[in-house]
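Trainee: Take a look at this one; I'll ask things after.
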Amino acid sequence: MIGRILAGEKQLFHDLIRPLERAVFVMLFSLLRSETDAEDAAQEAFIKIYRNLSSFRGEAKFSTWALSIARNEGLAWLRKRSARPEEPIEPVLDEGSGDFTPALLTDWREIPAEALERSELRECLRQAILKLPPIYRDVVQLRDVQELDIQEAAGVLGISPGAVKVRLHRARVMLQKELVPILKAYVSPAKGKMRFWFGRRV
Amino acid sequence: MKIDCKHVWHHISAYIDGDVDALLRAEIDRHLEHCEICSAILDSTRNIVVLVADGRIFEIPTGYSERLHERLDAAMAEG
Numbered sequence: 001m002i003g004r005i006l007a008g009e010k011q012l013f014h015d016l017i018r019p020l021e022r023a024v025f026v027m028l029f030s031l032l033r034s035e036t037d038a039e040d041a042a043q044e045a046f047i048k049i050y051r052n053l054s055s056f057r058g059e060a061k062f063s064t065w066a067l068s069i070a071r072n073e074g075l076a077w078l079r080k081r082s083a084r085p086e087e088p089i090e091p092v093l094d095e096g097s098g099d100f101t102p103a104l105l106t107d108w109r110e111i112p113a114e115a116l117e118r119s120e121l122r123e124c125l126r127q128a129i130l131k132l133p134p135i136y137r138d139v140v141q142l143r144d145v146q147e148l149d150i151q152e153a154a155g156v157l158g159i160s161p162g163a164v165k166v167r168l169h170r171a172r173v174m175l176q177k178e179l180v181p182i183l184k185a186y187v188s189p190a191k192g193k194m195r196f197w198f199g200r201r202v
Numbered sequence: 001m002k003i004d005c006k007h008v009w010h011h012i013s014a015y016i017d018g019d020v021d022a023l024l025r026a027e028i029d030r031h032l033e034h035c036e037i038c039s040a041i042l043d044s045t046r047n048i049v050v051l052v053a054d055g056r057i058f059e060i061p062t063g064y065s066e067r068l069h070e071r072l073d074a075a076m077a078e079g
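As given, the protein sequences belong to chains A and B, one line each in that order. Number 88 in full-length UniProt numbering belongs to position 88 of the first sequence; there are no gaps in the numbering. Number 9 in full-length UniProt numbering belongs to position 9 of the second sequence; there are no gaps in the numbering.
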């Protein structure tokens, strides 16, 4: 399809990028933490992908290449924003620092996916991801939210697969520690059933 | 090889992804059989990984796709 687009069938570009629209937005939202900025950056990113299509060599998957361009666009937005004094700069966590001990518990009753009908549960999960330090948020977003494989996530981030695994492990532990106390409130310990189902008590 | 809780925690993410070798997996499984703390840590972490992957966690703004393709059409028209 890329060859046909480059040969002049420009409209095919719409079909080419449709499977990536969501992934690019979510990645940029996770990076910029603003829907408006993420949408604007996504538009700029897709225009760059279109204009640079002839430089795609097929060494990586198209999705990896396109997500890398989108991520670079997001990083450029971050740099622009950090130049504005009213924008707080996120602290950069050193790879070696941080507490990566999980929350200790003796019993876990599974929270089923149906529970995500509850908007406050979705918000808890979203906020926990957005609160992660950037280097850990990146890997969770690509690996667990977008479900890219380790190699692809490494390609998008420009780091080794081993580094992806280390960061992913730490990120998952941090999420577990943050979310276990919150999510436990969604389970009724007496019966082991969800306390809320679609807005009503059971 | 006998492993302790901290050793299990260190491999939780790889264990969830099926990225530990057979020997280590067998050791972790043996540990999990008698350690309710590590079992609960593993279950809760795996549960969170599944929930995070749900497409409803991050929603796309209404009209995002339409606005994107309109913008692309405008960019393509410019050349």
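Glycine residues also receive a C-beta, built at the ideal position from the N, C-alpha and C atoms. Keep in mind the model is a prediction, meaning the values are calculated, not measured.
Under 7 Å Cβ to Cβ from A/Val180, same chain only, skipping five residues before and after it: list those, please.
Mentor: In the first sequence, the residue the question calls residue 180 of chain A occupies position 180. So the qualifying residues of the chain are Ala103 and Leu105.
Trainee: Is B/Glu27 near B/Ile57, with beta carbons less than 8 Å apart?
Mentor: Locating residue 27 of chain B in the second sequence gives position 27, counting from the first residue. Locating residue 57 of chain B in the second sequence gives position 57, counting from the first residue. Not a contact, by the Cβ cut-off of 8 Å.
Trainee: Assuming B/Cys5 and B/Ile48 form a contact by the criterion Cβ under 8 Å, report the distance between their Cβ atoms to the nearest whole angstrom.
Mentor: For the purposes of this step, residue 5 of chain B is taken as residue 5 along the second sequence, with counting starting at 1. For the purposes of this step, residue 48 of chain B is taken as residue 48 along the second sequence, with counting starting at 1. Actually they do not touch by this definition, with Cβ atoms about 19 Å apart.
Trainee: Applying the criterion that 16 or more other CB atoms from any shown protein chain within 10 Å of the CB defines a buried residue, is A/Ala190 buried or exposed?
Mentor: As a first step, residue 190 of chain A is located in the first sequence; it is residue number 190 there, counting from the start. Here A/Ala190 scores only 48 on pLDDT, less than 50, and its place in the model should not be relied on; the value that follows carries that caveat. Counting Cβ neighbours within 10 Å, A/Ala190 comes out exposed, since fewer than 16 surround it.
Trainee: Quick one: which unbroken alpha helix (DSSP H) runs of 4-plus residues sit fully inside the segment 103-179 of chain A? Chain order, please.
Mentor: Runs found: 119-131, 134-139 and 150-157.
Trainee: Assuming A/Leu183 and A/Ile111 make a contact with CB atoms under 8 Å, what is their CB distance in whole Å?
Mentor: As a first step, residue 183 of chain A is located in the first sequence; it is residue number 183 there, counting from the start. As a first step, residue 111 of chain A is located in the first sequence; it is residue number 111 there, counting from the start. That pair is a contact at about 6 Å.
Trainee: In chain A, which residues lie with their C-beta within 7 Å of the C-beta of B/Asp21?
Mentor: Residue mapping note: residue 21 of chain B aligns to position 21 of the second sequence, counting from 1. Those within 7 Å of B/Asp21 in chain A number zero; the least Cβ separation is about 14 Å.
Trainee: Kindly say whether A/Leu175, judged by its beta-carbon, lies nearer than 8 Å to any beta-carbon of chain B.
Mentor: As a working note, residue 175 of chain A is residue 175 in the first sequence. It does; some Cβ of chain B falls within 8 Å.
Trainee: Taking only beta-carbon positions, decide if B/Leu32 is within less than 8 Å of chain A.
Mentor: Reading the second sequence from its first residue, position 32 is the one you call residue 32 of chain B. Not an interface residue.
Trainee: Can you tell me which of the three DSSP states residue 216 of chain A falls into?
Mentor: This structure cannot speak to residue 216 of chain A, because chain A is shown only from 1 to 202.
Trainee: Among the residues of its own chain, which have a CB less than 6 Å from the CB of A/Leu67, if the five just before and after it don't count?
Mentor: Residue 67 of chain A sits at position 67 when you count from the first residue of the first sequence. Excluding positions up to five away in sequence, the list reads Val156.
Trainee: Out of curiosity, what's the CA-to-CA distance linking residue 220 of chain A and A/Phe25?
Mentor: Past the edges of chain A, shown from 1 to 202, lies residue 220 of chain A, and the structure says nothing about it.
Trainee: Under 7 Å between beta-carbons, which chain A residues line up against B/Ala75? List them in chain order, please.
Mentor: Along the second sequence, one-based indexing puts residue 75 of chain B at 75. Residues of chain A passing the Cβ test: Ile47 and Tyr50.
Trainee: Provide the residue span of the alpha helix (DSSP H) that contains A/Ile2, from first to last.
Mentor: In the first sequence, residue 2 of chain A corresponds to position 2, counting from 1. Segment Ile2 to Leu6, the alpha helix (DSSP H) holding A/Ile2.
Trainee: Less than 7 Å between C-beta atoms, sequence neighbours within five positions excluded: which residues of the same chain meet that for A/Pro161?
Mentor: Taking the first sequence and counting its residues from 1, one reaches residue 161 of chain A at position 161. So the list reads Ile150, Gln151 and Ala154, once near-sequence residues are dropped.
Trainee: Taking only beta-carbon atoms, is B/Arg25 less than 8 Å away from chain A?
Mentor: Locating residue 25 of chain B in the second sequence gives position 25, counting from the first residue. Output row for B/Arg25: interface = no.
Trainee: Please state whether DSSP places A/Lys10 in a helix, a strand or coil.
Mentor: What you label residue 10 of chain A is simply residue 10 of the first sequence in a count that begins at 1. Of the three classes helix, strand and coil, the one that applies to A/Lys10 here is coil, per DSSP.
Trainee: On the criterion of 16 or more Cβ atoms from any shown chain inside 10 Å, does A/Gly199 qualify as buried, or is it exposed?
Mentor: One-based indexing of the first sequence puts residue 199 of chain A at position 199. Bear in mind that the predicted position of A/Gly199 carries a pLDDT of just 44, short of 50, making it unreliable; the figure below should be weighed with that in mind. Under this definition A/Gly199 is an exposed residue.
Trainee: Which residue's Cα is closest to the Cα of A/Lys165: A/Tyr186, A/Ile135, A/Gln176 and A/Glu178?
Mentor: As a working mapping, residue 165 of chain A is identified with position 165 in the first sequence. Considering only alpha carbons, the answer is A/Ile135.
Trainee: Shorter than 8 Å from the beta carbon of A/Arg102 to some beta carbon of chain B?
Mentor: For the purposes of this step, residue 102 of chain A is identified with residue 102 of the first sequence, where counting begins at 1. The residue you asked about is not Arg; residue 102 of chain A is Pro in the sequence shown. It does; some Cβ of chain B falls within 8 Å.
Trainee: Is there a Cβ of chain B sitting closer than 8 Å to that of A/Phe56, yes or no?
Mentor: The residue labelled residue 56 of chain A in the question sits at position 56 within the first sequence. Not an interface residue.
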